[in-house]
Amino acid sequence: MPKSFSPQQRDQILKMLLANGKELFSRFGLQKTTVEEIARKCGISKGAFYLFFNSKEELFFEIIEKEEVTMKNSLLKSFPTNPSPEDLTKVLSNAFSFASKNPVIMQAFNPHQFQLLIGKLPPEQIASHINKDNDFANALINALHIPDGSKEVEIVSGLLRSLFLVYLHKDEMGITDETFKRLTGIVADAIVNEKRQ
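This is the structure we're talking about:
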């Protein structure tokens, strides 16, 4: 039976779990990283790990959510007041660049890994994540000054989701980086022009 921890110890251990989990998942991937390795790296027992997370997948998901918050905040901060298609292309390209340099996010983007992950998480955690994604999409749409309830909201959301899905599968589809960059520009142009209609 793992010992109980003081609130300060719990905070410290949680920080270590997130930092060491990120390092191990980045290096070895979700499937090859074990709870034992994470606990050992943090100096706690395997049983103590389960006081914080029900599974390594829950830890991995928590790390992904923290990384996404960083990426989304950076994206929204860099968003110009009245973006041109070129401005929006740059913002979207920066977001994809950030994601591509982050091994944990890239693992989550892998469709096979994503399905394994979703299968191990409680439905309420997945629903919460979807709500956070919707909140971000709404913040982006608000930054574009698109009125709530208009058909443009649905169109812009669809264009962004489509671009994201192409990004996830671009290697499988044989889409080069240059082609994806051009597609990002076309989508950005369509979004900005949709806003003006």
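Numbers in our numbering are just positions in the sequence shown, counted from 1, shifted up by 2. Glycine residues also receive a C-beta, built at the ideal position from the N, C-alpha and C atoms. Note that the coordinates shown come from a computational prediction; the quantities given were computed from them, not determined experimentally.
Worksheet entry | Residue environment, I65, which counts as buried when at least 16 other CB atoms sit within 10 Å | Working through the sequence shown from its first residue, we reach residue 65 at position 63. It is buried - the Cβ of I65 has at least 16 other Cβ atoms within 10 Å.
Practice prompt. Please report the Cβ distance between G23 and L78, rounded to the nearest whole angstrom; I am assuming they are in contact, meaning their Cβ atoms lie under 8 Å.
Written response: Residue numbering aside, residue 23 sits at position 21 when the sequence shown is read from its first letter. Residue numbering aside, residue 78 sits at position 76 when the sequence shown is read from its first letter. In fact, because the Cβ distance is near 26 Å, the residues do not count as touching under 8 Å.
Worksheet entry | Between the CA atoms of L16 and A41 - distance to the nearest angstrom | Along the sequence shown, read from residue 1 onward, the residue named residue 41 stands at position 39. Along the sequence shown, read from residue 1 onward, the residue named residue 16 stands at position 14. Near 11 Å, if we compare the C-alpha coordinates of L16 and A41.
Discussion item. Quick test of your reading: V37 and F51, contact by CB under 8 Å. State the CB separation rounded to the nearest angstrom.
Written reply: As a first step, residue 37 is located in the sequence shown; it is residue number 35 there, counting from the start. As a first step, residue 51 is located in the sequence shown; it is residue number 49 there, counting from the start. That belief holds up - the Cβ atoms of V37 and F51 are roughly 5 Å apart, short of 8 Å.
Worksheet item: Is K103 helix, strand or coil by DSSP?
Response: Translated into the one-based positions of the sequence shown, residue 103 becomes position 101. In this structure, K103 counts as coil in the three-state DSSP scheme.
Worksheet entry | Beta-carbon spacing of L162, I193 below 9 Å | For the purposes of this step, residue 162 is taken as residue 160 along the sequence shown, with counting starting at 1. For the purposes of this step, residue 193 is taken as residue 191 along the sequence shown, with counting starting at 1. Yes; because the gap between Cβ atoms is below 9 Å, this pair is in contact.
Worksheet item: What's the C-alpha gap between V168 and K92?
Response: Start at 1 with the first residue of the sequence shown, and residue 168 comes out as number 166. Start at 1 with the first residue of the sequence shown, and residue 92 comes out as number 90. Distance between the alpha carbons of V168 and K92: 17 Å.
Worksheet item: Can you give the Cα-Cα distance for E69 and S80, rounded to whole angstroms?
Response: By 1-based counting over the sequence shown, the position of residue 69 is 67. By 1-based counting over the sequence shown, the position of residue 80 is 78. Roughly 17 Å between the two C-alpha positions.
Item to complete: Kindly list the residues whose CB is nearer than 7 Å to the CB of K48, restricted to its own chain and excluding five residues on each side of it in sequence; keep chain order.
Response: In the sequence shown, residue 48 corresponds to position 46, counting from 1. Excluding positions up to five away in sequence, the list reads V37, E38 and A41.
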